[in-house]
Each structure stands twice: as C-alpha cells, then as structure tokens.
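K.L.:
The structure under discussion is supplied below as structure tokens; questions concerning it will follow.
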Amino acid sequence: MTIEFLESYQSKVRQLDIIREELNEEYLKGIDPSQVSVQSGSTGDPTAVFAMRSIELREKLSVEFDRLVADIKEIQHYIFGIADPECREIAMRRCFKGETYEQIGEAMYMHKTTALRKLRKYVATNATK
C-alpha cells in the first residue's frame with residue numbers, strides 16, 4: 031500500500047459514480063425514436079441496435095467497474111484496519127473526506143507536516159501491497 035494509492039480513493043469513487051451514471055443514462059435513454067432507421071421505405075426496428083449497443087457498453091464498463099470496486103474495498107479495508115487511532119483518523123480525513131493536510135492538522139491540533147509524516151511512517155512500516 032502506498033500513500034498515492036490511498037489518496038486515489040476520491041478519484042476512484044468519482045470514476046465509479048461516472049460509470050454508474052453512464053449505465054443509468056444508457057438504460058433510461060432507451061430507444062431514441064429520432065434515430066429510427068428507414069430502409070426501402072419501411073421503418074427498421076431499433077430495438078436490436080439499442081440492445082447490442084447496451085451490451086457492448088456494459089461489457090466495456092464492467093471490467094473497469096469491478097477493478098474500481100476492488101480497489102475501493104482494499105483501501106477501505108486497509109484504513110479501517112489501521113491500529114493507531116490517530117493515523118486512522120488522518121487517513122480517513124485525507125482519503126474519505128478529501129481534506130488537505132493543513133485542514134487535518136487544524137482539526138487534530140497538529141502541524142500539517144506532522145499529519146503527513148505520521149501517515150507516511152505508518153504506511154511505510156505497514157505496507158501490504
């Protein structure tokens with residue numbers, strides 16, 4: 031486990047939300063009647079086209095979705111497993127809430143470099159990845 035991997039939590043959660051939103055939009059969009067194909071004067075059935083497009087999108091996104099979920103769970107498991115309560119709070123504030131080290135230091139009555147040093151020291155001595 032590295033500090034960079036821990037700090038990527040917020041980004042991974044946002045990416046997960048984007049994928050969920052994309053899948054929901056694709057589902058809610060349904061069949062777009064403005065794109066009904068016309069061949070030889072007869073209206074084509076857009077249902078098959080929509081279904082194939084939806085299946086392809088789900089296949090592409092499912093691998094990325096699964097990877098993000100696994101990374102998020104790994105980060106959460108690591109942070110909740112931190113034995114030192116002070117380091118756990120620093121990690122939770124930094125990763126889950128997205129606070130800067132300055133904000134963490136103010137909230138925990140320490141200098142920002144102290145908060146950063148404590149978290150880095152813990153991660154370096156307890157690396158699991």
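Using the numbering used here, you'd call the opening residue of the sequence shown number 31 and step up by one each time.
Glycine included, each C-beta is placed from N, C-alpha and C at the ideal position.
(1) Mind reading off the beta-carbon distance from residue 33 to residue 150? Whole number of angstroms is fine, and I expect it under 8 Å.
(2) Tell me the start and end of each unbroken alpha helix (DSSP H) in the region 93-133 that is at least 4 residues and wholly inside, in chain order.
(3) In terms of residues, what are the limits of the alpha helix (DSSP H) holding residue 143?
(4) Give me the Cα-Cα distance between residue 36 and residue 105, rounded to the nearest whole angstrom.
(5) Considering Cα atoms alone, identify which of 54, 50, 120 is closest to residue 148.
(6) What's the C-alpha gap between residue 81 and residue 116?
(7) With the cut-off set at 9 Å, would you say residue 110 and residue 118 are in Cβ contact?
(8) Give every residue of the same chain whose Cβ lies closer than 6 Å to the Cβ of residue 135, excluding the five residues on either side of it in the sequence, and list them in chain order.
(9) What residue from 139, 108, 113 has the CA that sits closest to residue 126's CA?
P.N.:
Looking at the atomic coordinates:
(1) 6 Å
(2) 115-121
(3) 142-155
(4) 6 Å
(5) 120
(6) 51 Å
(7) yes
(8) 141, 142, 145
(9) 108
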